[in-house]
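Quick note, the sequence shown lines up with residues 378 to 725 if you use our numbering.
Heads up, the beta-carbon is just placed ideally off N, CA and C, and yes, glycines get one too.
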Amino acid sequence: MAVGERDESGDSGVVSAVRDVLDGSLRARLGVTEDQNNLMGFLFVAPNVLMFSVFLLGPVLYAFYISFQEWSILRNAGTWVGLANYVDVLTPLPVQGGLTNLQLNTSVFTDPSVNLFWYSLKTTVIYAVGTVPLQIYGGLAVALMLDKRVRMKKAYRAAYFMPVMLSGAASAVMWRWFLAADGVINNFLEPIGELVGVQLAQNWAGNPSYALGGVMLMAIWGGIGSNMIFFLAGLQNVPEELYEAARIDGASAWQRFRHVTWPNLGNTNFFVIVMAIIGAFQVFGIALVYSEGGPVYATTTIVLLIYQRAFEEGKMGVGAAMAFILFLIIFAFSYHQYRHRQQEEVTY
Numbered sequence: 378m379a380v381g382e383r384d385e386s387g388d389s390g391v392v393s394a395v396r397d398v399l400d401g402s403l404r405a406r407l408g409v410t411e412d413q414n415n416l417m418g419f420l421f422v423a424p425n426v427l428m429f430s431v432f433l434l435g436p437v438l439y440a441f442y443i444s445f446q447e448w449s450i451l452r453n454a455g456t457w458v459g460l461a462n463y464v465d466v467l468t469p470l471p472v473q474g475g476l477t478n479l480q481l482n483t484s485v486f487t488d489p490s491v492n493l494f495w496y497s498l499k500t501t502v503i504y505a506v507g508t509v510p511l512q513i514y515g516g517l518a519v520a521l522m523l524d525k526r527v528r529m530k531k532a533y534r535a536a537y538f539m540p541v542m543l544s545g546a547a548s549a550v551m552w553r554w555f556l557a558a559d560g561v562i563n564n565f566l567e568p569i570g571e572l573v574g575v576q577l578a579q580n581w582a583g584n585p586s587y588a589l590g591g592v593m594l595m596a597i598w599g600g601i602g603s604n605m606i607f608f609l610a611g612l613q614n615v616p617e618e619l620y621e622a623a624r625i626d627g628a629s630a631w632q633r634f635r636h637v638t639w640p641n642l643g644n645t646n647f648f649v650i651v652m653a654i655i656g657a658f659q660v661f662g663i664a665l666v667y668s669e670g671g672p673v674y675a676t677t678t679i680v681l682l683i684y685q686r687a688f689e690e691g692k693m694g695v696g697a698a699m700a701f702i703l704f705l706i707i708f709a710f711s712y713h714q715y716r717h718r719q720q721e722e723v724t725y
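Next up, the structure:
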């Protein structure tokens, strides 16, 4: 580097050279070698690695070990059963027969007495399909509206984010009161139904046909606010120069969104979609408090079923096996989104 030139940090060549000499002499005086310097860096991250290993990785590996045993939480011991827990969870399979005469066994999805795991998986998938798109696109729509210059913008943002600050249990209790047979919503719908001659008031929480809809309504109500924050952050990173260039070229509002906003939200979309899918497959608190998985298993999701098997019935091995099957399902969805995101990326 020539004298007077500046390095990447903004220092001149003279200052940079002096700093390197001082750093080298200081390390020499302290007797710190390059290997010791790397060791010091490792020591700084060691507490985080230790906490991760003890409180996250360790319990996960221990649960995987328990999934191969008939485990008793009272004795803190178990009997090795191999893959029996996984077989017990998955049988009967949705597909039966040999390779030449495959037959669908749809009863596992329609009758909870046949296999409650597959039935709860179907319920969870319906919940995910009904909530994830509305959470994502609802959050994006609100973010686009509040990203503009509107009056009381901060107040609107706080109002939409308010459900996120409530706990899942508190939200479920509130919505159970709203959707009760004599709740606020029925008191509003009953006179309207009398006017049009249609029975609009229902027992939303106690009817198997509507109970899952109430849980989905709670999830959408809370999910829009959290996704709004992520999309607002993503919109702040879109260069204004791109919008100016699009306006000069005569692009309409829809064309600016399609060709400028949406492509620049690629990383945000990937994050929001993956987190929304994971959250949908892990729904637990609102389903437990709202209806305890009922009525007639209408709101029994996979995580709620894991909780019931492991902690209410004491079948820790079966619960752990269900948990790792759920992990594989979530991993498959997340990996698919990751591969899809890689294919969409453009290298300049």
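Take the alpha-carbon of Ala-549 and the one of Ile-562: they are about 15 Å apart. An exposed status is given to Val-673, since fewer than 16 other beta-carbon atoms sit within 10 Å of its beta-carbon. CA-to-CA, the gap between Gly-591 and Phe-429 works out to about 36 Å.
Runs of the alpha helix (DSSP H) lying entirely within the segment 546-581, each at least 4 residues long, are 561-573 in chain order.
Contact check for Leu-511 against Trp-552 fails: the beta carbons are separated by 8 Å or more. Partner residues in a beta bridge of Gln-512, as assigned by DSSP, do not exist. Out of Asp-559, Phe-634 and Glu-621, the CA that lies nearest to the CA of Leu-517 is found in Phe-634.
Taking each of Met-529, Trp-554, Ala-454 and Ile-702 in turn and checking the Cα distance to Tyr-667, the smallest one comes out for Trp-554. The shortest CA-to-CA distance from Tyr-684 to any of Leu-665, Gly-671 and Ile-702 is the one to Leu-665. A distance below 7 Å between beta-carbons, with the five flanking residues on each side excluded, links Ser-444 to the following residues of its chain, in chain order: Asn-462, Gly-694, Ala-697, Ala-698 and Phe-701. Contact check for Tyr-504 against Val-660 passes: the beta carbons are separated by less than 8 Å. Within 10 angstroms of the beta-carbon of Ser-603 lie 16 or more other beta-carbons, which makes it buried. In this structure the segment 610-621 does not touch the segment 568-585; the number of beta carbon pairs closer than 8 Å is below three. C-alpha of Gln-720 to C-alpha of Thr-645: approximately 16 Å in a straight line.
Classified as exposed, Pro-424 has fewer than 16 neighbouring CB atoms from the shown chains inside 10 Å of its CB. If you ignore the 5 residues before and after Gln-473, its C-beta comes within less than 7 Å of the C-beta of Gln-480 and Asn-482, all in its own chain and listed in chain order. If you check the CB distance, Gln-446 and Val-458 come in under 8 Å. Thr-456 sits in a strand when the DSSP states are folded into three classes.
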